[in-house]
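Protein chains in written order, with the working numbering: chain E, 94 to 207; chain C, 44 to 156. Some notes on the structure that comes next.
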Amino acid sequence: NAGVTQTPKFRILKIGQSMTLQCAQDMNHNYMYWYRQDPGMGLKLIYYSVGAGITDKGEVPNGYNVSRSTTEDFPLRLELAAPSQTSVYFCASSYEGARSYGYTFGSGTRLTVV
Amino acid sequence: ILNVEQSPQSLHVQEGDSTNFTCSFPSSNFYALHWYRWETAKSPEALFVMTLNGDEKKKGRISATLNTKEGYSYLYIKGSQPEDSATYLCALLNTGTASKLTFGTGTRLQVTL
Numbered sequence: 094n095a096g097v098t099q100t101p102k103f104r105i106l107k108i109g110q111s112m113t114l115q116c117a118q119d120m121n122h123n124y125m126y127w128y129r130q131d132p133g134m135g136l137k138l139i140y141y142s143v144g145a146g147i148t149d150k151g152e153v154p155n156g157y158n159v160s161r162s163t164t165e166d167f168p169l170r171l172e173l174a175a176p177s178q179t180s181v182y183f184c185a186s187s188y189e190g191a192r193s194y195g196y197t198f199g200s201g202t203r204l205t206v207v
Numbered sequence: 044i045l046n047v048e049q050s051p052q053s054l055h056v057q058e059g060d061s062t063n064f065t066c067s068f069p070s071s072n073f074y075a076l077h078w079y080r081w082e083t084a085k086s087p088e089a090l091f092v093m094t095l096n097g098d099e100k101k102k103g104r105i106s107a108t109l110n111t112k113e114g115y116s117y118l119y120i121k122g123s124q125p126e127d128s129a130t131y132l133c134a135l136l137n138t139g140t141a142s143k144l145t146f147g148t149g150t151r152l153q154v155t156l
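This is the structure in structure tokens:
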């Protein structure tokens with residue numbers, strides 16, 4: 094199994110550009126999450142989904158959008174990129190929530206906005 | 044916003060030393076606590092999920108304990124090896140948060156020969 098696959102691994106965006114960070118999992122996990130990690134800070138939750146067609150905001154959702162049309166895919170859209178969105182982005186998934194199972198993380202996308 | 048605190052922020056030990064770190068969290072509405080190991084340039088990997096007060100979990104030389112009444116968890120590494128060098132994250136799940144983990148900032152461990 095591939096687990097959680099994130100693409101791209103690296104990207105440089107200019108201010109005002111848009112892009113979509115892709116996340117796919119092949120473990121049939123219902124729960125999926127997007128986190129960002131800034132230096133010296135913990136992982137901050139951007140958006141999450143508890144199943145196809147259901148998404149909700151996390152702690153830092155401004156400037157981002159998500160969709161969950163299938164169980165497997167959970168893309169994160171950045172509209173009008175800003176320097177404050179320079180970060181490392183991690184997608185994660187879990188089976189039936191985090192009470193019994195740990196998250197499986199993707200390898201991350203390092204995004205720089207210049 | 045939940046406050047999950049980890050200490051120390053970083054730690055430097057010699058090979059063979061045993062070490063431990065602390066994760067502190069608000070004890071009200073506790074549901075589960077996770078520990079992750081995060082090597083540089085890789086993604087976090089789950090070590091333990093703990094749910095009951097007094098839980099003790101072990102994986103090789105790494106073990107963890109949980110005290111939900113006082114709001115802390117300890118992670119122990121016995122006989123540290125250079126390959127244990129990583130950042131160790133704890134994360135809290137509270138009731139009513141729809142399975143959203145709140146992460147601490149981590150303890151960065153460096154083990155040298």
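Think of the CB as a built atom: it goes at the ideal place given N, C-alpha and C, for glycine as much as any other residue. Owing to the predicted nature of the structure, the values given are computational and were not obtained by experimental measurement.
Whole angstroms is fine: what's the gap from F146(C)'s alpha carbon to Y131(C)'s? Within the second sequence, the letter at position 103 stands for residue 146(C). Within the second sequence, the letter at position 88 stands for residue 131(C). Taking the straight line from one Cα to the other gives about 11 angstroms.
Can you tell which of Y196(E), G144(E), Q110(E) has its C-alpha closest to the C-alpha of F183(E)? In the first sequence, counting from the first residue as 1, residue 183(E) sits at position 90. Ranking the options by Cα distance to F183(E), first place goes to Y196(E).
Chain-order list of residues whose beta-carbon lies under 6 angstroms from that of G151(E) (same chain, five-residue window excluded): Position 58 of the first sequence holds residue 151(E). Only L138, I139, Y140, Y141 meet the Cβ criterion.
Just to confirm, is the Cβ distance from L136(E) to G156(E) under 9 angstroms? The residue you call residue 136(E) lines up with position 43 of the first sequence. The residue you call residue 156(E) lines up with position 63 of the first sequence. The answer is no: Cβ separation not under 9 angstroms.
Segment contact, 8 angstroms Cβ cut-off, at least three pairs: the stretch 55-69 of chain C with the stretch 113-130 of chain C: Inter-segment contact for the stretch 55-69 of chain C and the stretch 113-130 of chain C is present: three or more beta-carbon pairs are separated by less than 8 angstroms.
Put N177(E) into one of helix, strand or coil per three-state DSSP. Counting from 1 along the first sequence, the entry for residue 177(E) is found at position 84. For the sequence presented, residue 177(E) should be read as Ser rather than Asn. If DSSP states are grouped into helix, strand and coil, S177(E) belongs with the helices.
By the DSSP assignment, the beta strand (DSSP E) with V47(C) in it spans what residues? On the second sequence, position 4 is the one that residue 47(C) refers to. No beta strand (DSSP E) contains V47(C), which DSSP labels as neither H nor E.
Closest Cα partner of P125(C) within the set Q153(C), T65(C), P87(C), W81(C): For the purposes of this step, residue 125(C) is identified with residue 82 of the second sequence, where counting begins at 1. Residue Q153(C) is the option with its Cα nearest to P125(C).
How long is the line joining the alpha carbons of M134(E) and S61(C), rounded to whole angstroms? Mapped onto the first sequence, residue 134(E) falls at position 41. Mapped onto the second sequence, residue 61(C) falls at position 18. For M134(E) and S61(C), the distance between alpha carbons rounds to 27 angstroms.
Beta-bridge pairing of S187(E) - partner residues as DSSP gives them: For the purposes of this step, residue 187(E) is taken as the residue at position 94 of the first sequence. Paired residues: Y124(E).
Span separating the alpha-carbon of T98(E) from that of G109(E): Counted from its first residue, the first sequence places residue 98(E) at position 5. Counted from its first residue, the first sequence places residue 109(E) at position 16. Approximately 26 angstroms between the Cα atoms of the pair.
Give the interface partners of M134(E) over in chain C, defined as CB-CB distance under 9 angstroms, in chain order. Within the first sequence, numbered from 1, the residue matching residue 134(E) stands at position 41. Those are T148, listed as they occur along chain C.
At the level of alpha carbons, what is the spacing between L135(C) and V47(C)? Mapped onto the second sequence, residue 135(C) falls at position 92. Mapped onto the second sequence, residue 47(C) falls at position 4. If I take the Cα positions, the gap works out to 7 angstroms.
Going along chain E, which residues have a C-beta under 8 angstroms from L152(C)? Position 109 of the second sequence, counted from the first residue, corresponds to residue 152(C). Residues of chain E passing the Cβ test: none, with the nearest at roughly 16 angstroms.
Would you mind stating whether D98(C) and A107(C) have Cβ atoms separated by less than 9 angstroms? As a position in the second sequence, residue 98(C) is number 55, starting the count at 1. As a position in the second sequence, residue 107(C) is number 64, starting the count at 1. Between D98(C) and A107(C), the CB-CB gap stays under 9 angstroms.
Identify each residue in the stretch 150-172 of chain E for which the Cβ-Cβ distance to at least one residue of chain C is less than 8 angstroms, and report them in chain order. So the close ones are G151, E152.
Based on Cα-Cα distance, which residue from W78(C), D127(C), L45(C), S71(C) lies nearest to S116(C)? Counted from its first residue, the second sequence places residue 116(C) at position 73. Answer by Cα proximity: W78(C).
Per-residue DSSP class, three states only, for D127(C): The residue given as residue 127(C) occupies position 84 in the second sequence. Looking at D127(C) - three-state DSSP - the assignment turns out to be helix.
Could you pull the DSSP bridge partners for R151(C) from this structure? Counting from one through the second sequence, the residue named residue 151(C) turns up at place 108. Answer by DSSP bridge pairing, in chain order: S53(C), T130(C).
Give the range of the beta strand (DSSP E) segment to which I147(E) is assigned. Your numbering for residue 147(E) matches position 54 in the first sequence. Taken as a continuous stretch (DSSP letters only), the beta strand (DSSP E) holding I147(E) covers 147-150.
Close Cβ partners of P154(E) (< 7 angstroms) along its chain, the five nearest in sequence each way excluded: Within the first sequence, the letter at position 61 stands for residue 154(E). In chain order, I139, Y140 place their CB closer than 7 angstroms to the CB of P154(E), counting only its own chain and leaving out the 5 sequence neighbours on each side.
With distances taken Cα to Cα, identify the nearest neighbour of S160(E) among A175(E), A117(E), Q178(E), Q130(E). Here residue 160(E) refers to the residue found at position 67 of the first sequence. When each option's Cα is compared against that of S160(E), the closest is A117(E).
On a Cα-Cα basis, can you pick out the residue from G199(E), A175(E), L204(E) that is closest to F167(E)? As a first step, residue 167(E) is located in the first sequence; it is residue number 74 there, counting from the start. Of the candidates G199(E), A175(E), L204(E), G199(E) places its Cα closest to the Cα of F167(E).
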